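Notes follow once the structure below has been shown.
2 protein chains.
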Amino acid sequence: MNSPAFRDWQSVQDEVLRRIRTRVWEPGAMIPNEADLAVEFGCARSTVNRALRSLAEAGWLDRRRKAGTRVAAQPIAKATLSIAVIRHEIEERGQKYSYQRVARTLSVPPLDVSAAMRMPAETVMLYIRALHLADDMPYALESRWINLQVVPGAQDEPFQNLSANEWLLRHAPYSDGEIAFSAVNAGEDEAELLACSEGAALFAVDRLTWDSDASVTKVRFLFAPGHQMRTKL
Amino acid sequence: MNSPAFRDWQSVQDEVLRRIRTRVWEPGAMIPNEADLAVEFGCARSTVNRALRSLAEAGWLDRRRKAGTRVAAQPIAKATLSIAVIRHEIEERGQKYSYQRVARTLSVPPLDVSAAMRMPAETVMLYIRALHLADDMPYALESRWINLQVVPGAQDEPFQNLSANEWLLRHAPYSDGEIAFSAVNAGEDEAELLACSEGAALFAVDRLTWDSDASVTKVRFLFAPGHQMRTKL
DNA sequence: AATGTTTTTATGTATGCACATATAAACCTG
DNA sequence: CAGGTTTATATGTGCATACATAAAAACATT
């Protein structure tokens, strides 16, 4: 039946994936246990384990102790987007990157911002607005609130030539966070900065980052019309 | 120094992550090799390997044979979006799901569609347009082209009560594909179907799926205004 | 100094074994 | 038969060992 012999976990993975795709093993169906597969493939159980674990992480399989392994009823529910630093994103496409600070103020953020960052309403924060350009065309508009209680050093930074994005990467503690994607209509000033018409549909990325309990920064990137985020499935 | 002793790979991972976050190991810096860490943590090298490999997959570390392991200079934030079947997405939020077919025709798709699907321009395909509703409010508009040469069975399906989305999951071969996210302004008919104003910014998800060389289906989901896709970072 | 060759080394992975753990299924027990 | 307890089992993980492999570093050669 299986002459080729599967010596490494990747070839096992390929074979299992082939069986799933061709429906030798149907959606929702159980597949043989690791020990049996190891015998069939002529390799160690740990090799099969590696292959199946990897497929489970990718969403092709559902695994539970004792219950066994089954083909996911609903395949690939996972799209992994890599959110790069905008400068890299642009440079990788062979375009010239440039940066332009639009505003820098110390002020009290709107209520929804301070609430999202879980800070008292009257807290003064640093607000930075800047434009990222690709080949001198507006690419993305960054609007950011920085919590000076967490990153006091930011107060001394002009962010004139270096984006807050990159400065924070280097100086703020690494942290977890949330990210949200949505679509919004361009407001008057946004339209002007991004050189598009008012009301144009813009792709928006909102990021909120935390250092343990304290919110570090809240940022919104508005991308110029037509922007796409793509990924292999 | 390290009394706790790290016995399992998750605790090793936690400790390494802690050192990255607190900048004991700075962005871009090399970290000790697996063997040394194994000694320090009092565990086997394979355990350290498991932890570091996992962190590398998550984007925190860059690893290269012989060169060693370094902290990612720029942690590529990998946002893993789970693209669920829309019905599940709605039901999970405790809302009532309903489905409404808007159109079903056999016709020749626009040139950009047949081109993207790599099919001859004159190929007749099945076009389905349908509305997904949450608590009877428009939630998403699905517009889909189905390649009947790959899934001939679709021709006999009315898609009156069962969405093409779910039918294809059950009947089309599993496959790879691409997914793209963008923002578009609502057109006249789209606005009417989604009960929003014309020109409103809509979140768009375009998916193109393949079975080896043949394109199975191309679909665009337009979500009602305000829709967000969120994920932990 | 430019080029090609060898060595060294850190990660990558396969294996056999042991034990941990979740949990489905079988077995009570009232 | 409902409810609780035990058992069996598939996955999950750790470890020691061995070897594979990529690529940096050292070395040799022209």
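Chains as they are written, first to last, in the working numbering: chain R, 275 to 507; chain X, 275 to 507.
We put the CB at the ideal spot given by N, CA and C, even for glycine.
Note that the coordinates shown come from a computational prediction; the quantities given were computed from them, not determined experimentally.
Other residues of its chain near V425(R): CB distance less than 6 angstroms, five sequence neighbours each side excluded
As a first step, residue 425(R) is located in the first sequence; it is residue number 151 there, counting from the start. Within the same chain, V425(R) has close Cβ partners A446.
Own chain partners of K370(R) with C-beta closer than 6 angstroms, once the 5 adjacent residues on each side are dropped
Reading the first sequence from its first residue, position 96 is the one you call residue 370(R). Here the set comprises D409.
How far does the beta strand (DSSP E) with E308(X) in it reach, from first residue to last?
As a working note, residue 308(X) is residue 34 in the second sequence. Careful: E308(X) lies outside any beta strand (DSSP E), inside the alpha helix (DSSP H) at 308-315.
Report the rounded CA-to-CA distance for A428(X) versus L443(X), giving the unit in angstroms.
Numbered from its first residue, the second sequence carries residue 428(X) at position 154. Numbered from its first residue, the second sequence carries residue 443(X) at position 169. Computed Cα separation, rounded: 12 angstroms.
Under 9 angstroms (Cβ pairs) to chain X, residues found in the stretch 356-373 of chain R:
S356, I357, A358, V359, H362
In chain R, which residues lie less than 8 angstroms from R297(X) when you measure between Cβ atoms?
Indexing the second sequence from 1 puts residue 297(X) at position 23. P447, Y448, listed in chain order.
DSSP-derived helix/strand/coil call for N459(X):
On the second sequence, position 185 is the one that residue 459(X) refers to. Note: N459(X) maps to strand in three-state DSSP.
Contact set for M304(X): own chain, Cβ-Cβ below 6 angstroms, skip 5 residues either direction:
Here residue 304(X) corresponds to residue number 30 of the second sequence, with the count starting at 1. For M304(X), where only same-chain residues beyond five positions count, the Cβ hits under 6 angstroms are G342, R344.
Given a threshold of 16 other Cβ atoms within 10 Å of its Cβ, counted over all protein chains shown, does P451(R) qualify as buried or as exposed?
For the purposes of this step, residue 451(R) is identified with residue 177 of the first sequence, where counting begins at 1. The sequence as given places Gly at residue 451(R); Pro does not occur at that position. With 16 or more other Cβ atoms within 10 Å, it is buried.
Between the beta-carbon of A404(X) and the beta-carbon of E396(X), is there less than 8 angstroms?
The sequence position of residue 404(X) within the second sequence is 130, counting from 1. The sequence position of residue 396(X) within the second sequence is 122, counting from 1. Taking 8 angstroms as the Cβ cut-off, A404(X) and E396(X) do not qualify as a contacting pair.
Where E308(X) and Q287(R) are concerned, what is the direct C-alpha to C-alpha distance, given to the nearest angstrom?
Against the second sequence, residue 308(X) aligns to sequence position 34. Against the first sequence, residue 287(R) aligns to sequence position 13. If you draw a straight line from the Cα of E308(X) to the Cα of Q287(R), it comes to about 26 angstroms.
Would V493(X) be called buried (16 or more neighbouring beta carbons within 10 Å of its own) or exposed?
As a first step, residue 493(X) is located in the second sequence; it is residue number 219 there, counting from the start. Counting the other Cβ atoms within 10 Å of the Cβ of V493(X) gives 16 or more, which makes it buried.
If you compare alpha carbons, which of D463(X), D386(X), N421(X), Q434(X) is closest to W484(X)?
In the second sequence, residue 484(X) corresponds to position 210, counting from 1. Answer by Cα proximity: N421(X).
Rounded to whole angstroms, what is the Cα-Cα separation between W419(X) and I360(X)?
Locating residue 419(X) in the second sequence gives position 145, counting from the first residue. Locating residue 360(X) in the second sequence gives position 86, counting from the first residue. Between W419(X) and I360(X), the C-alpha separation is close to 18 angstroms.
Give me the chain X residues within the contact set of P301(R), using Cβ-Cβ distance strictly less than 9 angstroms, ordered along the chain.
On the first sequence, position 27 is the one that residue 301(R) refers to. Within chain X, the residues near P301(R) are L443, R444, Y448.
Are the beta-carbon atoms belonging to W283(R) and A325(R) less than 8 angstroms from one another?
Your numbering for residue 283(R) matches position 9 in the first sequence. Your numbering for residue 325(R) matches position 51 in the first sequence. Yes; because the gap between Cβ atoms is below 8 angstroms, this pair is in contact.
Under a three-way DSSP split, which group does S328(R) fall into?
Taking the first residue of the first sequence as 1, we reach residue 328(R) at position 54. Under the three-state reduction of DSSP output, S328(R) falls in the helix class.
Members of the stretch 417-437 of chain R near chain X, C-beta cut-off 8 angstroms:
none
So the beta strand (DSSP E) S486(R) belongs to, where does it begin and stop?
Along the first sequence, read from residue 1 onward, the residue named residue 486(R) stands at position 212. Taken as a continuous stretch (DSSP letters only), S486(R) belongs to no beta strand (DSSP E), as it is neither H nor E.
So the alpha helix (DSSP H) R361(X) belongs to, where does it begin and stop?
Here residue 361(X) refers to the residue found at position 87 when the second sequence is read from its first residue. R361(X) -> alpha helix (DSSP H) spans 360-366.
Are A330(X) and R319(X) touching if we call contact CB-CB under 8 angstroms?
Here the question's residue 330(X) lines up with position 56 in the second sequence. Here the question's residue 319(X) lines up with position 45 in the second sequence. It is not a contact, given that the beta carbons lie outside the stated cut-off.
Using the three-state DSSP reduction, which class does S471(X) fall into: helix, strand or coil?
Mapped onto the second sequence, residue 471(X) falls at position 197. S471(X): coil per DSSP, three-state reduction.
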